[in-house]
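Participant: If you scroll down you'll find the structure; I have some questions about it.
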Amino acid sequence: MPPTVVGLFTGLLLGLAWVIGGFDAFVGTAVLGVIGFVIGKVVSGQLDLTPYLGGRGPR
800 MPPTVVGLFT GLLLGLAWVI GGFDAFVGTA VLGVIGFVIG KVVSGQLDLT
850 PYLGGRGPR
């Protein structure tokens, strides 16, 4: 799916969360979306969090 379409759906879902649940739901949805995005990048191997999480580094 093209990034433009993903961005469109993300914006629509955030707008829907804001309308239905108010600003708190909007912020919560945005935070969970960012967490899901980061997890997806880690799983696909495009993001390495080892330096930030204290994994084994050069000794």
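In this text, residue positions in the sequence shown follow my numbering: the first is 800, and each later residue adds one.
Ideal Cβ placement from N, Cα and C applies to all residues, glycine included.
Residue range of the alpha helix (DSSP H) that residue 802 falls in?
Facilitator: In the sequence shown, the residue the question calls residue 802 occupies position 3. Where residue 802 is concerned, the enclosing alpha helix (DSSP H) stretches over 802–843.
Participant: Using CA coordinates, which residue listed in 828, 820, 838 and 823 is at the minimum distance from residue 808?
Facilitator: The count along the sequence shown starts at 1 and reaches residue 808 at position 9. That would be 828, whose Cα lies nearest to the Cα of residue 808.
Participant: Rounded to a whole number of angstroms, what is the C-alpha to C-alpha distance between residue 841 and residue 824?
Facilitator: Position 42 of the sequence shown, counted from the start, is the residue given in the question as residue 841. Position 25 of the sequence shown, counted from the start, is the residue given in the question as residue 824. Their Cα atoms are separated by approximately 26 Å.
Participant: DSSP three-state label for residue 852, please.
Facilitator: Within the sequence shown, the letter at position 53 stands for residue 852. DSSP places residue 852 in helix when its eight states are reduced to three.
Participant: Rounded to whole angstroms, what is the Cα-Cα separation between residue 849 and residue 843?
Facilitator: Here the question's residue 849 lines up with position 50 in the sequence shown. Here the question's residue 843 lines up with position 44 in the sequence shown. Straight-line Cα distance between these residues: approximately 15 Å.
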